[in-house]
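To start, the structure under review is shown below, and the notes come after it.
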Amino acid sequence: LRRGTLREEGARGERIVVGRIVIDLVRQEGLIDDQPIDFTATGLRLLHFLASHPGRVFDRAHLISRTIGDHAIVLDRNIDVHVRSLRRKLGPYRDYIETVRGVGYRFRDTRRTES
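Counting from 14, one number per residue, gives the positions in the sequence shown under this note's numbering.
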């Protein structure tokens, strides 16, 4: 079985499709199995960022910088709360977000062949 990440770029922005998950920052929406999911703006940016870099590990500080911004006063552990919420909303796809103990998080590289 081969699954992949598809990035659709257009004049209006990016849309990422990973299996049955669609992340569209321009429309500020996420879909799972063609059903809209109520992601927060930060949650959607976090999911989009991780899915844009499958297999790459990011520490909490980097994720905060890329999804919340350097201007906000945020604790590193706030990312953990956002990840926990994302996993809950991803339901059967929660394992796509992996914890790398002592480092941070990564989006599972679904381009690998699974047997």
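Using N, Cα and C, we set each Cβ at its ideal position, and we do this for glycine too. Quantities reported herein were computed from a predicted structural model and do not represent experimental measurements.
Beta-carbon proximity of residue 100 to residue 107, cut-off 8 Å: yes
Paired residues, beta bridge with residue 113 - DSSP: 117
Cβ separation of residue 118 and residue 71, assumed to be a contact under 8 Å, to the nearest whole Å: 6 Å
Identity of the residue in 92, 27, 96 nearest residue 74 by Cα: 92
Reduced DSSP category for residue 108 - H, G, I as helix; E, B as strand; rest coil: helix
Close-in-space but distant-in-sequence residues of the same chain around residue 113 (CB under 7 Å, 5 per side omitted): 70, 119
Rounded C-alpha distance that separates residue 61 from residue 94: 17 Å
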